[in-house]
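First up is the structure itself, then whatever we jot down about it.
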């Protein structure tokens with residue numbers, strides 16, 4: 290399979306390095322589900338990539354994906370004719386944003 294995904298955890302230096310979930314092989318025409326409990330107060334990045342650049346819809350079935358976090362849909366897509374999609378989720382405010390918000394209260 291050309292398509293794979295991963296979820297990375299943002300480190301204190303602001304870089305997304307630690308992989309907390311991922312999968313590399315997906316069978317055609319089958320639903321695949323991956324679950325992992327993630328901490329609410331952390332920042333994550335979901336990345337889905339396809340080496341063939343044809344996504345997961347439509348040559349081999351009507352593919353799609355959905356990412357949920359804290360019972361909310363973060364991203365849903367057919368990922369058609371693309372090489373890569375990314376989405377940040379969780380507690381992803383920058384230190385400056387958090388400081389400014391605290392300062393104005």
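Numbering (our numbering), first residue to last: 290 to 394. Think of the CB as a built atom: it goes at the ideal place given N, C-alpha and C, for glycine as much as any other residue. Note that the coordinates shown come from a computational prediction; the quantities given were computed from them, not determined experimentally.
Distance from residue 378 to residue 315 at the Cβ level is roughly 21 Å; contact not present, criterion being Cβ atoms closer than 8 Å.
Counting only the Cα atoms, residue 362 lies some 16 Å from residue 381. Shown here for residue 342: same chain residues with a beta carbon closer than 6 Å to its own, the five before and five after excluded, namely 372 in chain order.
In the DSSP annotation of this structure, the continuous segment of the beta strand (DSSP E) that includes residue 366 starts and ends at 361 to 366. Going by DSSP, residue 298 is part of the beta strand (DSSP E) stretching over 292 to 299.
Boundaries of the beta strand (DSSP E) harbouring residue 310: 305 to 312, taken from the DSSP string.
A distance below 7 Å between beta-carbons, with the five flanking residues on each side excluded, links residue 359 to the following residues of its chain, in chain order: 329. Counting along the chain, residue 356 sits inside the beta strand (DSSP E) bounded by residues 354 to 358. In the three-state DSSP reduction, residue 345 falls in the coil class, being neither helix nor strand. In the three-state reduction of the DSSP assignment, residue 326 falls in the coil class.
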